[in-house]
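Notes follow the structure.
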Amino acid sequence: MKIFIAADMEGATGVVHHDQLMPEGRGYAAAQRLLTGDVNAAIEGVLRADPLATFVVGDGHGPMRNIILEELHSAAELVIGSGKPSNKPLCQLEGIDSTFDAAFMIGYHSMSGTPSGLLAHTYIGSVVREWRLNSIAVGEVQMNAAVLGSFGVPVALVVGNSDLGPEIAAWDSRVAFVATKRTLGPTAGVCLTPSRTRILISHAAAHVVTNLGASFLYDVGHARIEVEMYRREQCDKASMEHGITKIGDSTIVAESDNAADAFRLAWRACTRALDEAPAWLA
């Protein structure tokens, strides 16, 4: 069995505040260990069900150099490095292909605009007001699932903040979900301890890989991505990317026969929309 694990950070055990999310933050080093622990818990669960399983972990948050390689389970390989399109055109999912049996998403959060959502945003919080896939507002989990579906890879498990649960259930209730904390607001939550989340994540991972027939393959076919941006200037810059269409003052469109190709185009445009490349894209 071969599992792809896409890792974000906002939904990891114990992470509730911006000062835990970037290297300059005082809580960042601890958050690195917590995220690495969540990923290891999922790997350990799968290995109980299939001792020969292999894993590729995509470090998909901010600088994408968050997971501590020397503490990662030896059954895994780690995709690490800046998410600029020349490095990772699929962003959090770089490294995916059709050879994987299933995918997990660990450390995730709710979409931009979620009322009182804990660290809620979609991909680039300073740019994206709303991300729509085939006219439906989606977050990173659903969009990533569509990209995975382009490769024939089903989503088996999502781990993250409690306010992400209803977002997933509204999309498809078959996707297994583990909450690492109960959301109180944009920068606060009631957190389970690492010893507790390790058990929950490990048990869920073991369960889903023994029932992969029930996991959700989300292949949307033709994909139209609309990204509504906060500022007209951002949209103007993004629309300069070849293949992008601009509608109105603040929305770009990327379209292709499959979600992966549409995403590659949208990601290039979104990174171009930034006033200047931030440290996490360096």
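Position in the sequence shown (from 1) plus 1205 gives the number in the numbering used here.
We put the beta carbon where it would ideally sit given N, CA and C, even for glycine.
For clarity, every value in this text was computed on a predicted model and none was experimentally measured.
query                                                                                                                                                          : result
Which residue's Cα is closest to the Cα of Ala1428: Gln1225, Ala1465, Lys1289 and Val1251?                                                                     : Ala1465
With H, G and I counted as helix, E and B as strand and the rest as coil, what does DSSP make of Lys1442?                                                      : helix
Suppose the cutoff is 8 Å on Cβ atoms and the five residues either side in sequence are ignored; what does the same chain contact list for Gly1426 look like?  : Asp1462 and Asn1463
Which word fits Asn1245, buried or exposed, when buried means at least 16 other C-beta atoms lie within 10 angstroms of its C-beta?                            : buried
Need the endpoints of the beta strand (DSSP E) that Asp1243 sits in, please.                                                                                   : Note, Asp1243: premise wrong, no beta strand (DSSP E); alpha helix (DSSP H) at Tyr1233 to Ala1254.
First and last residue of the beta strand (DSSP E) that includes Leu1353?                                                                                      : Where Leu1353 is concerned, there is no enclosing beta strand (DSSP E), although the alpha helix (DSSP H) it sits in stretches over Glu1345 to Ser1355.
Taking its Cβ as the centre, do 16 or more other Cβ atoms sit within 10 Å of Ala1501, making it buried, or is it exposed?                                      : With the chain represented from 1206 up to 1487, any question about residue 1501 goes unanswered, as that position is not in the structure.
Rounding to the nearest angstrom, what Cα-Cα distance links Ser1340 and Ile1430 in this structure?                                                             : 8 Å
Go through the segment 1378–1460 residue by residue and report every complete run of the alpha helix (DSSP H) that reaches 4 residues or more, in order.       : 1399–1414 and 1437–1443
Assuming Met1269 and Ser1287 form a contact by the criterion Cβ under 8 Å, report the distance between their Cβ atoms to the nearest whole angstrom.           : 6 Å
Grab the span of the alpha helix (DSSP H) containing Asp1264 for me, first residue to last.                                                                    : Taken as a continuous stretch (DSSP letters only), Asp1264 belongs to no alpha helix (DSSP H), being part of the beta strand (DSSP E) at Thr1259 to Asp1264.
Rounded to whole angstroms, what is the Cα-Cα separation between Val1364 and Tyr1233?                                                                          : 19 Å
To which residues of the same chain is Ala1471 closer than 7 Å at the C-beta, ignoring the five residues directly before and after it?                         : Ile1430, Val1432 and Ala1459
At which residues does the alpha helix (DSSP H) containing Gly1216 begin and terminate?                                                                        : Gly1216 -> no alpha helix (DSSP H), and no H or E assigned at all.
Could you check what DSSP says for Thr1305 in three-state terms: helix, strand or coil?                                                                        : According to the sequence provided, residue 1305 is Phe. The question's Thr does not apply to it. In the structure shown, Phe1305 sits in coil (DSSP, three-state: anything other than H, G, I, E or B).
Buried or exposed: Ile1329, going by 16 or more other Cβ atoms within 10 Å of its Cβ?                                                                          : buried
Name, in chain order, the residues that DSSP records as bridge partners for Val1333.                                                                           : Met1434
Would you mind reading off the limits of the alpha helix (DSSP H) that contains Gly1370?                                                                       : Leu1369 to Trp1376
Going by beta carbon distance, what residues of the same chain come within less than 8 Å of Val1221, once the five residues before and after it are set aside? : Leu1323, Leu1324, Lys1386, Thr1392, Ala1393, Gly1394 and Cys1396
For Leu1455 and Ala1254, I'd like the C-alpha separation in whole angstroms.                                                                                   : Going by the sequence as given, residue 1455 is Ser instead of Leu. For Ser1455 and Ala1254, the distance between alpha carbons rounds to 48 Å.
Along the beta strand (DSSP E) that carries Leu1283, what are the first and last residues, could you check?                                                    : Ala1281 to Val1284
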